[in-house]
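J.:
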Amino acid sequence: MLARLVCLLVLSCTVFAAAVRAEQARSPYAPVTDDPALPRILIIGDSISIGYTLGVRDLLKGKANVHRPPTNCGPTTRGLEQLDAWLGTGNWDVIHFNWGLHDLKHCDDEGVLVAVGEGHQQVPVDQYSKNLEQLVLRLQRTGAVLIWRNTTPVPEGAKGRVPADVPLFNQAALAIMQKHGIPTQDMYSSVLPRMEQLMLPKDVHYNENGYQQLAKTVAAIIEEQLAGRE
13 MLARLVCLLV LSCTVFAAAV RAEQARSPYA PVTDDPALPR ILIIGDSISI
63 GYTLGVRDLL KGKANVHRPP TNCGPTTRGL EQLDAWLGTG NWDVIHFNWG
113 LHDLKHCDDE GVLVAVGEGH QQVPVDQYSK NLEQLVLRLQ RTGAVLIWRN
163 TTPVPEGAKG RVPADVPLFN QAALAIMQKH GIPTQDMYSS VLPRMEQLML
213 PKDVHYNENG YQQLAKTVAA IIEEQLAGRE
């Protein structure tokens with residue numbers, strides 16, 4: 013009887029460990045083993061991009077190696093500090109990137125999200141523009157095709173962010189992208205009329221269907237840019 017219990021315990025532990033490994037392998041942060049015959053894609057962005065990374069990876073399976081930094085890329089200030097590490101030493105064919113939601117959010121002196129009026133905007137739009145300009149110049153040095161994904165809508169009632177700030181930041185970013193000839197994926201306009209269907213209530217994040225829809229649009233524009241290189 014005791015031997016049977018031990019066997020069951022060992023089997024349970026083995027199954028659990030296998031499930032954990034499978035879950036880790038499905039993480040957006042999981043390392044990607046490149047197929048050298050396929051182009052290399054890098055997705056840079058905050059939690060919105062984390063939410064669609066796996067979907068993009070699935071949709072481009074057999075077509076591209078889809079990577080992302082193993083972190084939330086946060087505001088432009090974090091980008092300036094860590095972009096070189098995220099880019100690494102390899103070559104990239106396409107880089108799909110965004111900063112914005114963490115720049116326009118309101119936080120306290122510790123960087124913690126707070127209600128509007130209780131703190132300060134993490135990166136005001138003028139400084140955001142300057143930071144983004146520097147980031148674009150660094151990204152251009154990679155020689156990759158660049159795709160800017162603009163900042164997604166903020167629903168009414170979402171803590172620490174003002175919905176009307178998003179178009180201001182997107183307009184600032186658009187001016188930079190037009191200056192450098194970088195295409196913009198206008199995810200803001202795509203999501204705006206479907207916020208109730210795609211997003212969580214009073215939250216900048218998305219439901220499962222929402223992330224699936226975002227992934228489809230990201231995969232499509234990456235494929236379009238890859239086709240343009242052929």
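Following our numbering, the numbering of the sequence shown begins with 13 at its first residue and continues without gaps. Idealized CB from N, CA, C, for every residue including glycine.
For residue 78, does the count of other Cβ atoms within 10 angstroms reach 16, so buried, or fall short, so exposed?
T.: That one is buried.
J.: Can you tell me whether DSSP reads residue 240 as helix, strand or coil?
T.: Helix, per DSSP.
J.: How many whole angstroms separate the CB atoms of residue 55 and residue 44, which I take to be in contact at a CB cut-off of 8 Å?
T.: With 8 Å as the limit, residue 55 and residue 44 do not qualify as a contact, their Cβ atoms being about 11 Å apart.
J.: Which same chain residues end up closer than 7 Å to residue 19 when comparing Cβ atoms and leaving out the 5 residues on each side of it in sequence?
T.: Bear in mind that a pLDDT of 46 at residue 19, under 50, signals an unreliable position, so the number given afterwards is only what the model happens to contain. No residues qualify anywhere along the chain.
J.: So, with DSSP's three-state summary, where would you put residue 218?
T.: It is a strand residue.
J.: Residue 159 lies in the beta strand (DSSP E); which residues open and close that run?
T.: Taken as a continuous stretch (DSSP letters only), the beta strand (DSSP E) holding residue 159 covers 157 to 161.
J.: Spell out the partners DSSP gives residue 109 in its beta bridges.
T.: Paired residue(s): 56 and 160.
J.: Which parts of the region 185 to 213 are runs of the alpha helix (DSSP H), unbroken and 4 residues or longer, counting only runs that do not cross its ends?
T.: Those alpha helix (DSSP H) runs which fall completely within the region 185 to 213 and span 4+ residues are 199 to 203 and 207 to 210.
J.: List the DSSP bridge partners of residue 132.
T.: Bridge partners of residue 132: 119.
J.: Exposed or buried, which one is residue 232 when buried takes at least 16 other CB atoms within 10 Å?
T.: Residue 232 should be labelled exposed.
J.: By the 10 Å Cβ neighbour count, where 16 or more other Cβ atoms means buried, how is residue 201 classified, buried or exposed?
T.: Looking at its Cβ environment, which holds fewer than 16 other Cβ atoms inside 10 Å, residue 201 is exposed.
J.: According to DSSP, simplified to helix, strand and coil, what is residue 151?
T.: Residue 151: helix per DSSP, three-state reduction.
J.: Taking the alpha carbon of residue 165 as the point to measure from, which residue in 155, 117, 153 and 135 has its own alpha carbon closest?
T.: Comparing Cα-Cα distances from residue 165 to each of 155, 117, 153 and 135, the minimum goes to 117.
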